[in-house]
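A.B. asks: Sending over a structure as structure tokens; questions will come in a sec.
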Amino acid sequence: MPTITVDGEQYQVDEDQNLLSACLAQGINLPYFCWHPAMGSVGACRQCAVIEYKDAGDQRGRLVMSCMTPVKDGGIYSVNAENAQEFRGGIIEDLMTNHPHDCPVCEEGGECHLQDMTEMSGHTNRRYRGTKRTHHNQYLGPFINHEMNRCIACYRCTRFYRDYAGGDDLQPLGRNNQVYFGRQQDGILENGFSGNLVEVCPTGVFTDKTFSEHFVRKWDLQTAPSICEHCAVGCNTAPGAREAGNGQDVILRRVVNLYNRDINGYFLCDRGRFGYDYVNSDARIKSVLAARSEQMIGSTAEAGDKVHVEIPPETAVRQLAQQLDAVQKGQRRLLGIGSPRTSLENNFALRSLVTPENFYSGLNGREQELLQLIDSIQRDDRVHSPSTPEIEHADAVLILGEDIDNTAPRIALAVRQAARNRQKTHAQSLNIPLWQDASVRQLRGEHSPIIFAGTELTGLADIASATLFDTPEKVALFADAVSQLIRGADPASLSLTTAERELAVRTADILAAAERPLIISGCASRYGDIIRGAGSIAAALADKSAAPGHLYLACPEANSLGLVQLQEPGHGSLEQLASRLQSNADDKTPISLLIVENDLYRRADHETLETIFSRADEVILLDSLLNDTARRADLIYPAAATAESQGTFINSNGLAQRYYAVYEGLGYIQESWRWLADAARFCTQKSTALAAVASWQHSTDLSDALAGEFSQFAPLATLGPDEDYRIDGLKVARQSHRSSGRTAVRAKARVAEFPPHQDPDAPMTFSMEGIHNAGLTPLQANIWSPGWNSNQSILKFQQGIGGARKGANGGIQLQRQAQRIPAWTIPSHEATTAATSDNQLRMLPLYRLFGSDELSANAAAIASVIDKPFVRLNKEDAAELGLQEGDWLELEVDSARYRLEATLSATQPAGTVGVPCGIPQLASLMPELPGPAALKRVESQATSASGETL
Amino acid sequence: MIASQLRSMWLVFKHLFSRNATVQYPEQKPYLAPRYRGRIVLTRDPNGDERCVACNLCAVACPPDCISLQKTEDEDGRWRPEYFRINFSRCIMCGLCEDACPTYAIQLTPDFEMCEYDRQNMVYEKEDLLISGPGKYHEYSFYNVAGKAIAGKDKGDAENEAEPINVKSLNL
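Structural data, given as structure tokens:
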């Protein structure tokens, strides 16, 4: 480790670093703009100048840009030397000559790196009296606001957008003093990581438009560490909330990245960043609703739909308690349906209340089988689920049937970095340090191999070295062939076409030769054999190299993997519930169906659901948003959203992570498990299980109970501190130390101040009292340090630049029992191809970043950019059928009809059509994917128009 | 000891003949300078528009945390407080909000006489605070100085601003 001297102090620093990051890692305040810890140095802004001395006798030294200077053992530097300070002051003075001086009306104000650096450089008095250069702004879509005059031309935005995230519609335009960062013309930014511009831009050029709608300054946001609920990657987020002050309750204002080296690092996808607004949506359930019993004279509700009225929560809890009493006496049966999008605690509470044999996962059989398959593969000790840095280091990637850009976006961003590893190795061989970003990126040559086989590849298409677009069956065959080839099979023995065989041989060679090969697959194609194939490739690689094969298996939802841990394999799907109800049709005991945070219409087909709903005498739903299931419910309880509650999610890697309540849900909203525990408390007689449910006071009581009941959840007992934890006798503060308006915000309703809410679940306060140092505890999400008001201050809380966060990250790996991947041979191709009748095509699911996720689709900004329902056809198929782009088609599936606009694609496998999975208008189509459908041409979108069968 | 007491008595006795310093407040009012730091008002710019841009700096500067407001944006692009509330029952009239205000919207006035039987009446909303004029700064208009474009004042129209660059020109 080299030792350097900075202003007379000696420091031990990392030799692979540049001087700037070495200084920052030592806590020295050195201003910078263009350097970014994840993107390296380009030396564009000249702000980080320091003096470098030749030796101890050198009194004068020379100015160097610290970000472009490698650390040298025995080097002597000065940050505080007068001429270095003067130089930096001059630079910032020049950068500020064109600044519009509109901080009061800038969303960045108060967390602006430019403000911080201006202060740090001591530029307090403006001397320039000339005119300011100005620019017009552009419309960049519903997420990002553009205010170009604030730009200091550090190039961070385009370096992130183009070089790091692979976008190509944001460019530096113009030249010299007039350089402009924007698109060629107004329009929505196309890249799915555009939201990071808000955090990457050191000024207010790119700001969060959704945040601006309900803007408050950073110091007024109440935050807590949270986990993104919009996919299964498990990115750490810091949602911010604040009271509305105008008579309404708290609003969730925004979500920003919360650094976790092993998962999201510095970046979030746009679904995670802008999806939070569903919490504030009009569809939010805020009070207890009960179905009206009286007959309506006229109503637009469909058959079976119920019309609801608000009832007092106590009445509702008593109603549930009465039913529980009846269950104890054997006069009623209670069935529970859990959910993959709510916490382990909520699912466990339901499972305990209804007893394990009456607990159903709320997944359809296919989905549950896939998840259990993933779980069983991950249990094999030859398989390792890689963290994001491990993915970024892979030197060969094979993606099987998973469009990760849309199903696990943050992983796709990591794969994009992995594509540069060949370039990085080349750079290292030329002794170019990796932080020399521009120099490394100049090196020509191919990307590291990224091979894709599946239905659709969106964002990664530009870096994929080989692609195979085919049906899931063919992809599974391909995966099986690759694994056999790695194990040394003869290529001639494989039943593949020549082209496929060549690709399989090439893939097997690449993977076998790679030092850090990575396989990615998941549930997206909804086809088990692909996942099995991915597992056997990873196992084959492991057997070959004697180190675990890296295999990332993407699950669909935030807690999918956690939910299946609660289930016996092969038990508890919605179809099994329906068949159980069907077979017990003679049993006249009334049935109560308790559904926790699940929209069943997205899970099971129409027939299954009708069986379930028609047999259930009382349907009780606990959920956060009104959805199709809510229309069938007799009783609806308002459930807390992720940002309003505490709980645990298991991500695709099998990592248990805890999220904390950012604010108290408004109205009668509370965690689902609290509603269940309340009802259990009102019961007159309590069985042991019921007494346990009734005794739960804190969220940690449930996680402790989970740890006791399931061996794989044993680590939950040590996951994060419990509610009695204190630092120096204090809890952790959710509000910043300079939170404002305490004595005014509620004064309109009542001038006397209310005491803050008490948090029963976490050792945190809903006020500014308590610990504020984010380096002391992982519980604090307000990342701030004196002089560092922007999110750049995270470097004060890292163990070295880009290292793990001080105070430890919250996640713990599940302790699953190791077991071997079950033996499996791929069924022959003929057996797996579903027989289809003449005018039937096979639908395959296509995923979209915006729309495929249930909750985020309710956020206003995201809802405005969701694709219109479409059906994607193979170009040749379309030509044969005489169809053109933009034709209206009617898709008939299981007696339901959908009108969709045709789009043509060269890569859609022949004989199949691609249908967007989960977008709001087609949500009920989800359970049918993949599956057969009949297609008909119609004249227009209007449903009355007649059609012609194709 | 005795001398000290005699001296005190003499001093008190002497005051019998000096002029009375007591003012008969409230019948008789003392002179307060126009810049006396009493309660705040919200002023308007020379066009009559609200000066407050809801930047929140007054709220964060306020030692007793008695100011609260919410930003909203008008169709013309101006930021404006959706509500602006000050709880005068907590206000210490320190004037830090006036110092912090970047737009001269908040100005302190010589009015300090706020007496209420009900403390709730000490909570003032924007409507109670807005006056119809520009206060002490007659000419100042924030948007003429700051570069943000609003309706009627495009990029390049503010003070010391050059014509906007056309990026698609030759850029010479």
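Read top to bottom, the protein sequences are chains A and B. Going by the numbering used here, the first sequence runs without a break in its numbering and finishes at 1393. Going by the numbering used here, the second sequence runs without a break in its numbering and finishes at 868. Even for Gly, the Cβ is constructed at its ideal location relative to N, Cα and C. Given the structure is predicted, the values throughout are model-derived calculations rather than measurements.
#1: As a quick exercise: from A/Tyr607, A/Leu640, A/Ala1217, A/Gly1005, pick the residue whose alpha carbon is nearest that of A/His589.
#2: Going along chain B, which residues have a C-beta under 7 Å from A/Leu664?
#3: Would you please verify whether the beta carbon of A/Arg593 is less than 9 Å from any beta carbon of chain B?
#4: Per DSSP, what kind of secondary structure is A/Asn541 in: helix, strand or coil?
#5: Between the segment 808–833 of chain B and chain A, which residues of the former have a C-beta closer than 9 Å to a C-beta of the latter?
#6: Report the neighbours of A/Arg1181 on chain B: residues whose CB is nearer than 8 Å to its CB, in chain order.
#7: Could you compute how far the alpha carbon of B/Val737 sits from the alpha carbon of B/Gly829?
#8: Any idea if A/Ser1138 is buried or exposed, counting beta-carbon neighbours within 10 angstroms, 16 or more meaning buried?
#9: Kindly indicate which three-state DSSP category B/Glu723 falls into: helix, strand or coil?
#10: Assign A/Gly500 to one of two classes, buried (16 or more other C-beta atoms within 10 Å of its C-beta) or exposed (fewer than that).
#11: For B/Val863, count neighbouring C-beta atoms within 10 Å of its own C-beta (all shown protein chains included) and say buried if the count is 16 or more, exposed if not.
#12: Assign A/Arg794 to one of two classes, buried (16 or more other C-beta atoms within 10 Å of its C-beta) or exposed (fewer than that).
#13: Check whether the Cβ atoms of A/Thr914 and A/Gly1354 sit closer than 9 Å, and answer yes or no.
#14: According to DSSP, simplified to helix, strand and coil, what is A/Val770?
#15: Give the interface partners of A/Asn402 over in chain B, defined as CB-CB distance under 8 Å, in chain order.
#16: Do A/Ala1187 and A/Gly688 have their CB atoms nearer than 9 Å?
#17: First and last residue of the beta strand (DSSP E) that includes A/Pro1375?
#18: In the DSSP assignment, find the alpha helix (DSSP H) that holds A/Leu583 and state where it starts and stops.
#19: Using a Cβ-Cβ distance cut-off of 9 Å, determine whether A/Asp1403 contacts chain B.
#20: State the DSSP-derived secondary structure class of B/Asn840, mapped to helix, strand or coil.
#21: By the criterion of Cβ-Cβ separation under 7 Å, what are the contact partners of A/Phe1437 in chain B?
#22: So with CB distances below 8 Å, who are the chain B contacts of A/Asp545?
#23: Quick check: the Cα distance between A/Asn864 and A/Leu961, rounded to an integer number of angstroms?
#24: Indicate whether at least one CB of chain A lies closer than 9 Å to the CB of B/Asp772.
#25: Return the chain-ordered list of same chain residues with a C-beta closer than 6 Å to the C-beta of A/Asp824, the five sequence neighbours on each side being excluded.
#26: Beta-carbon within less than 7 Å of A/Leu467's beta-carbon, same chain only, minus the 5 sequence neighbours each way: which residues are those?
#27: Just to confirm the assignment: which complete alpha helix (DSSP H) runs, minimum length 4, are found wholly within the segment 796–851 of chain B?
#28: Where does A/Ile1055 sit, in a helix, a strand or coil, going by DSSP?
#29: What is the rounded straight-line gap between the Cα of A/Asp606 and the Cα of A/Trp478?
#30: For the ligand SAM, is there any heavy atom lying closer than 8 Å to the beta carbon of A/Asp611?
#31: Let's test the definition: count the other Cβ atoms within 10 Å of the Cβ of A/His827 and tell me whether it reaches 16, buried, or not, exposed.
#32: Are any of the Cβ atoms in chain A nearer than 9 Å to that of B/Glu778?
#33: Helix, strand or coil for A/Val547, going by three-state DSSP, please let me know.
#34: What residue from A/Gly1151, A/Ala1001, A/Arg1169 has the CA that sits closest to A/Arg1101's CA?
#35: What in chain B is Cβ-close to A/Lys729, meaning under 7 Å?
#36: Under the three-state reduction of DSSP, which class applies to A/Pro1288: helix, strand or coil?
C.D. replies: In short:
#1: A/Leu640
#2: The contacting residues do not exist; A/Leu664 stays about 11 Å from chain B at best.
#3: yes
#4: coil
#5: Asp814, Arg815, Gln816, Asn817, Met818, Val819, Glu821
#6: Val756
#7: 10 Å
#8: exposed
#9: coil
#10: exposed
#11: buried
#12: buried
#13: yes
#14: helix
#15: With chain A represented from 444 up to 1393, any question about residue 402 of chain A goes unanswered, as that position is not in the structure.
#16: yes
#17: 1374–1381
#18: Neither: A/Leu583 is in no alpha helix (DSSP H) and is coded neither H nor E.
#19: Nothing can be reported for residue 1403 of chain A: it is not among the residues displayed for chain A, which extend from 444 to 1393.
#20: helix
#21: What the structure shows of chain A is the stretch from 444 to 1393, and residue 1437 of chain A is not part of that stretch, so it cannot be assessed.
#22: Ala842, Gly843, Lys844
#23: 13 Å
#24: no
#25: Ala1261
#26: Leu473, Leu1238, Ile1244
#27: 822–825, 838–841
#28: helix
#29: 14 Å
#30: The ligand SAM is absent from the structure shown, which contains no ligands of any kind.
#31: buried
#32: yes
#33: It is worth fixing the name first, because residue 547 of chain A is Pro in this sequence and not Val. Reduced to three states, the DSSP call for A/Pro547 is helix.
#34: A/Ala1001
#35: None at all; the shortest Cβ gap to chain B is about 20 Å.
#36: strand
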